[in-house]
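**Q** The structure's right below; bear with me while I get my questions together.
Chains as they are written, first to last, in the working numbering: chain Y, 1 to 266; chain R, 267 to 522.
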């Protein structure tokens with residue numbers, strides 16, 4: 001509750017208080033996540049970093065309202081989360097585009113569900129397509145696109161209806177290294193001009209440091225907040241400059257060591 | 267040019283033709299060896315079929331059969347999709363209905379026709395009931411299985427964009443299940459065609475099955491063979507007819 005009454009500071013865009021996920025089994029209860037507390041300010045880009053099996057995707061799905069929490073509470077924009085909502089847009093690793101709809105119709109889905117007219121939607125779709133550099137692909141089906149292009153469409157589909165929080169579940173995890181860095185740069189560019197609150201799940205240290213204002217490291221069995229690292233690198237960011245930046249390098253090394261330790265202890 | 271566009275069209279057509287001609291040749295050879303009036307050869311049957319195609323009697327029978335099959339298939343499709351989705355998406359419905367389905371699947375539906383005729387009489391309703399229950403089972407099974415395996419991230423994505431559970435079912439689960447529904451429909455209509463002929467043979471009101479038994483009673487063997495050949499062709503055409511809308515509705519699944 002102290003998060004809501006911190007005097008002159010703005011209320012957080014997202015607030016997790018003692019969030020847990022327990023799966024009761026026949027013998028003993030499996031604790032996937034335990035006592036995760038976290039405040040995310042509006043416009044902040046926070047990465048959730050952790051080894052596989054630490055429950056970072058589960059945490060994201062609970063913020064999305066797709067699966068219920070078994071302990072604690074999640075507040076988005078000050079309101080308790082009880083299910084999915086248009087304030088929290090998601091981008092999944094597998095893009096999860098509707099394969100029977102064209103790119104245009106995929107992006108239109110969220111706009112029309114929000115009550116926008118087809119005419120307005122058509123304009124918004126064109127704008128989104130040029131934002132993600134996919135002009136000319138409006139009438140393609142997802143099956144005709146590469147993995148990277150599909151992920152661009154997924155980002156466009158979610159940004160189009162303007163949710164205040166963006167939840168990204170290892171969105172670039174399945175892409176090749178080159179496509180991955182191109183999309184990272186585009187995400188940075190989009191974040192610079194749209195300033196969404198972003199929760200970005202990843203297991204890549206470089207990616208987390210490169211993109212984020214803050215990196216929250218989750219440990220596993222049970223999933224708990226291991227550390228919460230402010231990155232403090234200025235924006236807009238440039239990959240070439242950053243790779244030579246000492247602060248960047250130190251974060252990558254420190255977080256890399258943390259990850260190695262967690263793997264060794266597992 | 268093994269992969270030229272021309273050979274892609276002509277090769278299957280050529281195989282089709284080759285298979286048909288070989289089958290007819292074997293049939294003719296066996297018929298020539300046996301030399302019996304219970305096994306006429308295609309040289310006798312095919313001309314007879316063409317002759318029969320000029321009679322009003324045949325077209326009336328065919329029209330009655332196809333009308334019956336179309337009505338049955340409509341109910342089978344509507345009911346099968348609805349029940350299949352309910353089973354696939356609700357654990358409660360699945361638990362209640364699946365044992366009943368498993369029990370009723372192996373029962374030959376033609377075997378219950380006499381009982382159904384006690385309820386509804388020998389007319390159309392009984393026959394349509396039996397054909398529809400036969401055709402709907404594969405549609406139910408395929409729809410249930412397909413809708414159960416829809417990637418949950420698709421429904422999550424839709425829900426996060428504001429779709430209600432009902433909208434998710436209609437706009438996400440149903441289209442995502444279309445490939446399975448199409449597969450179930452093609453099996454269903456064939457099973458429906460088979461049981462339709464049997465039902466018409468038992469009910470003896472009208473239709474191709476009934477006409478077949480009229481020829482049997484009158485010892486017109488060549489006509490019986492001609493009708494059986496015709497049923498094969500009808501089945502083939504029905505399958506092609508269903509393949510067309512299925513391909514249009516599910517092209518996105520093939521291109522992946």
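Idealized CB from N, CA, C, for every residue including glycine.
Quick caveat: nothing in here was measured; it's all calculated off a predicted structure.
Tell whether a beta-carbon distance below 9 Å holds between residue 168 of chain Y and residue 103 of chain Y.
**A** By one-based count along the first chain, residue 168 of chain Y stands at place 168. By one-based count along the first chain, residue 103 of chain Y stands at place 103. In this structure, residue 103 of chain Y does not lie closer than 9 Å to residue 168 of chain Y by Cβ.
**Q** Compile a chain-ordered list of the residues in the stretch 8-37 of chain Y whose CB is closer than 9 Å to at least one CB of chain R.
**A** none
**Q** Have a look at residue 236 of chain Y and residue 453 of chain R and give me their C-alpha separation to the nearest angstrom.
**A** By 1-based counting over the first chain, the position of residue 236 of chain Y is 236. By 1-based counting over the second chain, the position of residue 453 of chain R is 187. Those two C-alpha atoms are separated by around 59 Å.
**Q** How is the alpha helix (DSSP H) around residue 37 of chain Y delimited, first residue to last?
**A** Translated into positions along the first chain, residue 37 of chain Y becomes position 37. Careful: residue 37 of chain Y lies outside any alpha helix (DSSP H), inside the beta strand (DSSP E) at 30-40.
**Q** Does residue 94 of chain Y have its Cβ less than 9 Å from a Cβ in chain B?
**A** Going by chain labels, chain B is absent from the structure shown, which instead holds the protein chains Y and R.
**Q** Closer than 8 Å by C-beta to residue 181 of chain Y: which residues in its own chain qualify, once you throw out the five before and the five after it? Chain order, please.
**A** Within the first chain, residue 181 of chain Y is the residue found at index 181, counting from 1. Excluding sequence positions up to five before and after residue 181 of chain Y, its CB lies within less than 8 Å of the CB of 239, all in the same chain and listed in chain order.
**Q** By how many angstroms is the C-alpha of residue 351 of chain R removed from the C-alpha of residue 203 of chain Y?
**A** Along the first chain, read from residue 1 onward, the residue named residue 203 of chain Y stands at position 203. Along the second chain, read from residue 1 onward, the residue named residue 351 of chain R stands at position 85. In a straight line, the C-alpha of residue 203 of chain Y is about 37 Å away from that of residue 351 of chain R.
**Q** Just confirm the distance between the C-beta atoms of residue 200 of chain Y and residue 45 of chain Y, as a whole number of angstroms; I'd bet it's less than 8 Å.
**A** In the first chain, residue 200 of chain Y corresponds to position 200, counting from 1. In the first chain, residue 45 of chain Y corresponds to position 45, counting from 1. The pair is a contact, with the Cβ atoms about 7 Å apart (cut-off 8 Å).
**Q** So is residue 374 of chain R in contact with chain Y if we call contact Cβ pairs under 9 Å?
**A** For the purposes of this step, residue 374 of chain R is taken as residue 108 along the second chain, with counting starting at 1. With 9 Å as the cut-off, residue 374 of chain R does not count as an interface residue toward chain Y.
**Q** Residue 66 of chain Y to residue 19 of chain Y, Cα distance in whole Å?
**A** Numbered from its first residue, the first chain carries residue 66 of chain Y at position 66. Numbered from its first residue, the first chain carries residue 19 of chain Y at position 19. Between residue 66 of chain Y and residue 19 of chain Y, the C-alpha separation is close to 15 Å.
**Q** Roughly how many whole angstroms lie between the Cα atoms of residue 16 of chain Y and residue 39 of chain Y?
**A** Here the question's residue 16 of chain Y lines up with position 16 in the first chain. Here the question's residue 39 of chain Y lines up with position 39 in the first chain. Each residue's Cα considered, the two are about 6 Å apart.
**Q** Could you tell me the alpha carbon to alpha carbon distance between residue 477 of chain R and residue 298 of chain R, rounded to whole angstroms?
**A** As a position in the second chain, residue 477 of chain R is number 211, starting the count at 1. As a position in the second chain, residue 298 of chain R is number 32, starting the count at 1. Cα-Cα distance, rounded: 27 Å.
**Q** Can you confirm whether the stretch 371-384 of chain R touches the stretch 438-453 of chain R when touching is taken to mean that 3 or more C-beta pairs between the two stretches lie within less than 8 Å?
**A** no
**Q** Interface residues of chain R around residue 110 of chain Y at Cβ under 8 Å?
**A** Position 110 of the first chain, counted from the first residue, corresponds to residue 110 of chain Y. Within 8 Å Cβ-Cβ: 427, 428.
**Q** Starting from the beta carbon of residue 90 of chain Y, find every residue of chain R whose beta carbon is closer than 8 Å, and list them in chain order.
**A** Reading the first chain from its first residue, position 90 is the one you call residue 90 of chain Y. 422, 423, 426, listed in chain order.
**Q** Chain R partners of residue 84 of chain Y, CB-CB under 7 Å?
**A** Walking along the first chain from the start, residue 84 of chain Y turns up at place 84. Here the neighbours are 422, 425, 426.
**Q** Please report whether the beta-carbon of residue 441 of chain R lies at a distance below 9 Å from any beta-carbon of chain Y.
**A** The sequence position of residue 441 of chain R within the second chain is 175, counting from 1. Yes - at least one Cβ of chain Y is within 9 Å of the one on residue 441 of chain R.
**Q** Among R/344, R/364, R/486, which one has its Cα closest to the Cα of residue 311 of chain R?
**A** Indexing the second chain from 1 puts residue 311 of chain R at position 45. With distances taken between Cα atoms, residue 311 of chain R lies closest to R/486.
**Q** For residue 429 of chain R, does the three-state DSSP call read helix, strand or coil?
**A** Looking up residue 429 of chain R in the second chain gives position 163. The three-state secondary structure of residue 429 of chain R, taken from DSSP, is coil.
**Q** With three or more C-beta pairs closer than 8 Å as the rule, is the stretch 122-130 of chain Y touching the stretch 149-165 of chain Y?
**A** Because the criterion of three Cβ pairs below 8 Å is met, the stretch 149-165 of chain Y and the stretch 122-130 of chain Y touch.
**Q** Based on the DSSP output, what are the partners of residue 225 of chain Y in its beta bridges?
**A** As a first step, residue 225 of chain Y must be located in the first chain, where it is residue number 225. Y/218.
**Q** List the residues of chain Y whose Cβ lies closer than 8 Å to the Cβ of residue 514 of chain R, in chain order.
**A** Taking the first residue of the second chain as 1, we reach residue 514 of chain R at position 248. The premise fails here: residue 514 of chain R is roughly 11 Å from chain Y at the closest Cβ pair, so nothing lies under 8 Å.
**Q** Alpha carbons only, please: which of Y/241, Y/197, Y/209 is nearest the one belonging to residue 12 of chain Y?
**A** Residue numbering aside, residue 12 of chain Y sits at position 12 when the first chain is read from its first letter. Nearest option by C-alpha distance: Y/197.
**Q** Give the single residue among Y/14, Y/85, Y/166, Y/230 whose Cα lies nearest to the Cα of residue 191 of chain Y.
**A** The count along the first chain starts at 1 and reaches residue 191 of chain Y at position 191. If we check each option's Cα against that of residue 191 of chain Y, Y/166 comes out closest.
**Q** With a threshold of 6 Å on Cβ separation, who are the neighbours of residue 470 of chain R within its own chain once the five nearest residues in sequence on each side are excluded?
**A** Counting from 1 along the second chain, the entry for residue 470 of chain R is found at position 204. These residues qualify, in order along the chain: 476.
**Q** Measuring only the C-alpha atoms, how far is residue 68 of chain Y from residue 93 of chain Y?
**A** Reading the first chain from its first residue, position 68 is the one you call residue 68 of chain Y. Reading the first chain from its first residue, position 93 is the one you call residue 93 of chain Y. Taking the straight line joining both Cα atoms gives about 21 Å.
**Q** Using 9 Å as the limit for Cβ to Cβ distance, is residue 98 of chain Y near chain R?
**A** Here residue 98 of chain Y refers to the residue found at position 98 of the first chain. Yes, its Cβ sits closer than 9 Å to a Cβ of chain R.
**Q** Based on the DSSP output, what are the partners of residue 88 of chain Y in its beta bridges?
**A** As a first step, residue 88 of chain Y must be located in the first chain, where it is residue number 88. For residue 88 of chain Y, which the question treats as bridged, DSSP gives the partners Y/165.
**Q** Just verifying my parser: in three-state terms, what is the DSSP assignment at residue 21 of chain Y?
**A** Taking the first chain and counting its residues from 1, the one referred to as residue 21 of chain Y is at position 21. Under the three-state reduction of DSSP output, residue 21 of chain Y falls in the strand class.
**Q** If you count every other CB in all the chains shown that lies within 10 Å of the CB of residue 451 of chain R, and 16 or more means buried, which is it?
**A** Position 185 of the second chain, counting from 1, holds the residue named residue 451 of chain R. Residue 451 of chain R is buried by the Cβ-count criterion.
**Q** Using DSSP bridges, identify the partner residues of residue 201 of chain Y.
**A** Residue mapping note: residue 201 of chain Y aligns to position 201 of the first chain, counting from 1. Y/48, Y/169, per the DSSP bridge assignment.
**Q** Name the one or two DSSP bridge partners that residue 230 of chain Y has.
**A** Looking up residue 230 of chain Y in the first chain gives position 230. Beta-bridge pairing links residue 230 of chain Y to Y/214.
**Q** Which two residues bound the contiguous beta strand (DSSP E) that contains residue 190 of chain Y?
**A** The count along the first chain starts at 1 and reaches residue 190 of chain Y at position 190. Unbroken run through residue 190 of chain Y is the alpha helix (DSSP H), 177-194; no beta strand (DSSP E).
**Q** With DSSP run on the structure shown, which of helix, strand or coil describes residue 72 of chain Y?
**A** Translated into the one-based positions of the first chain, residue 72 of chain Y becomes position 72. Residue 72 of chain Y falls in the strand class under three-state DSSP.
**Q** Using Cβ-Cβ distances below 9 Å, what residues of the stretch 42-72 of chain Y are close to chain R?
**A** Close to chain R, meaning a Cβ-Cβ distance shorter than 9 Å, are the following residues of the stretch 42-72 of chain Y: 61, 64, 65, 66.
**Q** Below 8 Å on C-beta distance, what does residue 357 of chain R contact in chain Y?
**A** Working through the second chain from its first residue, we reach residue 357 of chain R at position 91. Within chain Y, no residue comes near residue 357 of chain R; the closest Cβ sits about 16 Å away, beyond 8 Å.
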